[in-house]
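Asks: Residue numbers (the numbering used here): 16 to 223. Glycine included, every Cβ here is placed at the ideal spot set by N, Cα and C.
The structure is reproduced here in structure tokens:
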């Protein structure tokens, strides 16, 4: 992706945190024939310094056959994003040479995919994924709450995928390219509109 230096995030811990907070990634694979993409909820982990992504696809989804073992894939994770009106810029009243834009945080992860059809791997993946998202609920649902035979049937309908990430690129486009006055105006405008997450990113990355 196009990545001007002022928008680049290079801390892998920060990028993994975005993935954990926004786990629905767009899995993209390409061949000479076509390009395929599937939105999937991922789990992210670090093993011996290597970032790994785990997910599963419906067996009926042709993308897993399209990928195969050892294929290079791209997964895009979209964090917080919001429209930025030029009305918030101090420079609007100074010279008027301003236009709207869009602020966002994004991570693109590239790596090698391995298809995981093993029921044991799949069971572990869906249990971990479920626990990750049910943990905050007052009465968390567990995979074991469903009938065993039902879960076995569900497992036959999915295929796992594990990606060993070779490169991550983070883009935090949060008004760093604007003057201090403009950044302060954007922060104030976002805060007033209730866009607190983006306002905090503008404050933190804009040195406010």
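Please report the straight-line C-alpha distance between residue 67 and residue 31, rounded to a whole angstrom.
Replies: Looking at the two C-alpha atoms, the distance is approximately 10 Å.
Asks: Residue 81 by DSSP, collapsed to three states: which one?
Replies: Residue 81: helix per DSSP, three-state reduction.
Asks: Between the beta-carbon of residue 128 and the beta-carbon of residue 86, is there less than 8 Å?
Replies: Yes, the pair counts as a contact, with Cβ atoms nearer than the cut-off.
Asks: How is residue 13 classed by DSSP in three states: helix, strand or coil?
Replies: Look at the range of the chain in this structure, 16 to 223, and you will see that residue 13 is not part of it.
Asks: Check for me: the alpha helix (DSSP H) holding residue 165 runs from which residue to which?
Replies: It spans 163 to 171 - the alpha helix (DSSP H) in which residue 165 sits, taken as one unbroken run.
Asks: Measure the C-alpha to C-alpha separation of residue 43 and residue 93 and round it to an integer number of angstroms.
Replies: When rounded, the distance between both Cα atoms is 14 Å.
Asks: Exposed or buried, what is residue 210 when buried is set at 16 or more other beta-carbons lying within 10 Å of its beta-carbon?
Replies: Flag for residue 210 reads buried.
Asks: Determine, using beta-carbon pairs with one atom in the stretch 134 to 148 and one in the stretch 166 to 175, whether at least three such pairs fall under 8 Å.
Replies: Segments in contact, yes.
Asks: Just how far apart, CA to CA, sit residue 311 and residue 186?
Replies: Here the chain comprises residues numbered 16 to 223, so residue 311 is not present and cannot be evaluated.
Asks: State the DSSP-derived secondary structure class of residue 157, mapped to helix, strand or coil.
Replies: Residue state, collapsed to three classes: coil.
Asks: Under the three-state reduction of DSSP, which class applies to residue 110: helix, strand or coil?
Replies: Residue 110 falls in the coil class under three-state DSSP.
Asks: Can you tell which of 99, 125 and 146 has its C-alpha closest to the C-alpha of residue 198?
Replies: Here the closest residue by C-alpha is 99.
Asks: Tell me, please, which residues DSSP counts as bridged to residue 92.
Replies: 40 and 122, per the DSSP bridge assignment.
Asks: Going by DSSP in three states, residue 223 sits in which element: helix, strand or coil?
Replies: Residue 223: coil per DSSP, three-state reduction.
Asks: Output needed for residue 84: all residues of its chain with C-beta closer than 8 Å, excluding positions within five of it in sequence on either side, in chain order.
Replies: Cβ within range, chain order: 128, 129 and 130.
Asks: Compute the Euclidean distance between the alpha carbons of residue 125 and residue 133, then round it to the nearest angstrom.
Replies: One C-alpha to the other measures close to 24 Å.
Asks: Among residues of its own chain, excluding the 5 on either side of residue 180, which ones have a beta-carbon nearer than 8 Å to its beta-carbon?
Replies: Excluding residues within five positions, the ones whose Cβ falls inside 8 Å are 65, 66, 67, 68, 124, 125 and 126.
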